[in-house]
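Colleague: Numbering (UniProt numbering), first residue to last: 1 to 361.
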Amino acid sequence: MTEARAVVSTGKGKPVEVTTIHVPDPGPGEAVIRVQACGVCHTDLHYREGGISDDYPFLLGHEVAGVVDSVGDGVHDLEPGDFVVLNWRAVCGSCRACKRGRPQYCFATHNASQPMTLADGTPLSPALGIGGFAERTLVHSGQCTKVDPAARPAVAGLLGCGVMAGIGAAVNTGQVGPGDSVAVIGCGGVGDGAIAGAAMAGARRIIAVDRDPEKLAWAREFGATHTVNASESDTVEAIRELTGGHGADVVVDAVGVPATYEQAFYARDLAGTAVLVGVPDPSMRLELPLLDVFARGGALKSSWYGDCLPERDFPMLTELHLQGRLPLEKFVSEEISLDDVEAAFAKMGRGEVLRSVVTFP
């Protein structure tokens, strides 16, 4: 067992606490990771606010890059010292999705079996099965993907969740290709990931939509060719005007509320694709004329984790970053310590940052 400093959420709406946790030695199929960097994601705030479940206390953090500290029995593809990015969907290899050759949709993903605990023995619920706001964390070995150690941890770790979700929504789910027109509604970390992915895929026109002028300026840094301020213009009409009156080939909704999804539905061209990657609230309902769903054709898709396969996508995207073709470093607004996570949540709520990243000495 190892002791580690970590950020824990003890109750709905309560400020997070930095405290000592106990990390077990890895059991069969498990690995202990020495965390080097972990991004502050909206999902962590959802955990703190009780929006995911009420299984407090939560060990927050999940966008992790770090080094393998130790491995348990039966782990043959990792060894101490390997530089890895963690994922929260370790595939099983044997469910019906995996057997059909679609492991990115694995229906039986898994995490470490042993619990990490508070010093008094209280079990912790790790965010997305990771718990990365900690000096060390315990995960299943299948959650570890080796990438080129030349990448800075503060940058590489962002592939573990939000940035990958955005890039994958455009490239994997939306299947954006050379010459396509793309619109992205919501230009936070996920939306800008979709913009970066669309640019990387060769889209000829990329329209960023948001209400915040600063976020629209950030979107241009990731490859947006046009911007629409949704507080000043009708989103659907603006996207149509920028696409010759037709609508975009692919529209990504990175917000995830009924109003933005309806905009995505109508802002696409006939036979175009709408991709939902923003996570809705469980109470939300959508109403669309069924005739419009039929008549407009195309595809309505939801994107799970950017439909990524970590062992394929993390190393590839890391390499593209190192080649200068994917500006992951632009997502990092600031590097902070464990003690600054609560303040980072406030900055995120005010829209002041794309990503605050906790880094460790």
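Here a beta-carbon is modelled for each residue, glycine too, at the ideal position from N, C-alpha and C.
1. Which residue or residues does DSSP assign as beta-bridge partners of Val-209?
2. Kindly indicate which three-state DSSP category Gln-175 falls into: helix, strand or coil?
3. So for Ile-239, helix, strand or coil by DSSP?
4. How long is the line joining the alpha carbons of Val-64 and Asp-82, rounded to whole angstroms?
5. Between which two residues does the alpha helix (DSSP H) carrying Arg-96 extend?
6. Taking the alpha-carbon positions, what's the Ala-201 to Thr-227 distance?
7. Specify whether the stretch 335-343 and the stretch 187-207 touch according to this definition: at least 3 beta carbon pairs, one from each stretch, less than 8 Å apart.
8. Can the beta-carbon of Ser-181 be found closer than 8 Å to that of Thr-243?
9. By how many angstroms is the C-alpha of Pro-149 removed from the C-alpha of Asp-249?
10. Within the stretch 135-162, note down every full beta strand (DSSP E) run reaching 3 residues or more, in order along the chain.
11. Within a Cβ cutoff of 6 Å, which residues of the same chain sit near Leu-128, ignoring the five residues on either side of it in sequence?
12. With DSSP run on the structure shown, which of helix, strand or coil describes Gly-272?
13. For Ala-37, I'd like the list of residues in its chain whose CB is within less than 6 Å of its CB, leaving aside the five on either flank, ordered along the chain.
14. Just to confirm, are Thr-137 and Ile-33 a CB contact at a threshold of 8 Å?
15. Whose C-beta lies closer than 6 Å to the C-beta of Val-236 among residues of the same chain, with five residues either side of it excluded?
16. Rounded C-beta distance between Thr-273 and Ala-299? I'm assuming under 8 Å.
17. State whether the stretch 168-179 contacts the stretch 324-339, with contact taken as three or more CB pairs (one from each stretch) at a distance under 8 Å.
18. How about Leu-78 and Ala-31: do their beta carbons lie closer than 8 Å?
19. Quick check: the Cα distance between Ala-271 and Glu-49, rounded to an integer number of angstroms?
20. Compare the Cα-Cα distances from Phe-222 to each of Thr-318, Pro-103, Arg-312 and Val-184 and report the closest residue.
21. In whole angstroms, give me the CA-to-CA distance for Glu-214 and Glu-334.
22. Since I believe Gly-72 is in contact with Gly-27 (beta carbons under 8 Å), could you give me their beta-carbon distance rounded to a whole number of angstroms?
23. Taking the beta carbon of Arg-96 as the centre, do at least 16 other beta carbons fall within 10 Å, making it buried, or is it exposed?
24. Whole-angstrom Cβ separation of Thr-318 and Ala-151, contact assumed at under 8 Å?
25. Take the Cβ of Ser-303 as the centre, count every other Cβ of all protein chains shown within 10 Å, and call the residue buried at 16 or more, exposed below.
26. To which residues of the same chain is Gly-349 closer than 8 Å at the C-beta, ignoring the five residues directly before and after it?
27. Taking Glu-334 as part of the beta strand (DSSP E), name the residues at either end of that continuous run.
28. Using a Cβ-Cβ cutoff of less than 6 Å, which residues in the same chain neighbour Val-275 once the five nearest sequence positions on both sides are dropped?
29. Look at the Cβ atom of Met-116, then the Cβ atom of Gly-306, and state whether they are nearer than 8 Å.
30. When the Cα atoms are used, what is the spatial distance from Glu-311 to Asp-69?
31. Quick check for students: name the residue ranges of the beta strand (DSSP E) that lie wholly in the stretch 23-59, counting only runs of 3 or more.
32. Please classify residue 375: does DSSP put it in a helix, a strand, or coil?
33. Cβ atoms of Val-139 and Gly-162: under 8 Å apart, would you say?
34. Of the residues Thr-2, Gly-51 and Asp-313, which one's Cα is nearest the Cα of Val-147?
35. My assumption, with CB atoms under 8 Å, is that Thr-2 sits in contact with Val-85. Please give the rounded CB distance.
36. How would you label His-76, buried or exposed, when you count the other beta carbons within 10 angstroms and need 16 or more for buried?
Modeller: The structure says:
1. Ile-185 and Val-228
2. The three-state reading of DSSP puts Gln-175 in coil, since its state is none of H, G, I, E or B.
3. The answer is helix: DSSP assigns Ile-239 an H, G or I state.
4. Between the alpha carbons of Val-64 and Asp-82 lies a gap of roughly 14 Å.
5. 96-99
6. 19 Å
7. no
8. In contact: Ser-181 and Thr-243 (Cβ atoms closer than 8 Å).
9. 37 Å
10. 136-140 and 144-146
11. His-62 and Trp-88
12. strand
13. Ala-65, Pro-153, Ala-154, Gly-157, Val-357 and Thr-359
14. yes
15. Gln-263, Tyr-266 and Ala-267
16. 5 Å
17. no
18. yes
19. 39 Å
20. Val-184
21. Between Glu-214 and Glu-334, the alpha-carbon positions lie close to 16 Å from each other.
22. 5 Å
23. It is exposed - the Cβ of Arg-96 has fewer than 16 other Cβ atoms within 10 Å.
24. 5 Å
25. buried
26. Answer for Gly-349: Leu-45, listed in chain order.
27. 332-336
28. Ala-169, Thr-173, Gly-174, Val-252, Lys-301 and Ser-303
29. no
30. 20 Å
31. 30-39
32. No statement about residue 375 is possible, as the shown extent of the chain runs from 1 to 361 and does not include it.
33. Pairing Gly-162 with Val-139 gives a Cβ-Cβ distance that is not under 8 Å.
34. Minimum Cα distance to Val-147 is reached at Asp-313.
35. Contact doesn't hold; Cβ gap of about 21 Å is too wide.
36. exposed
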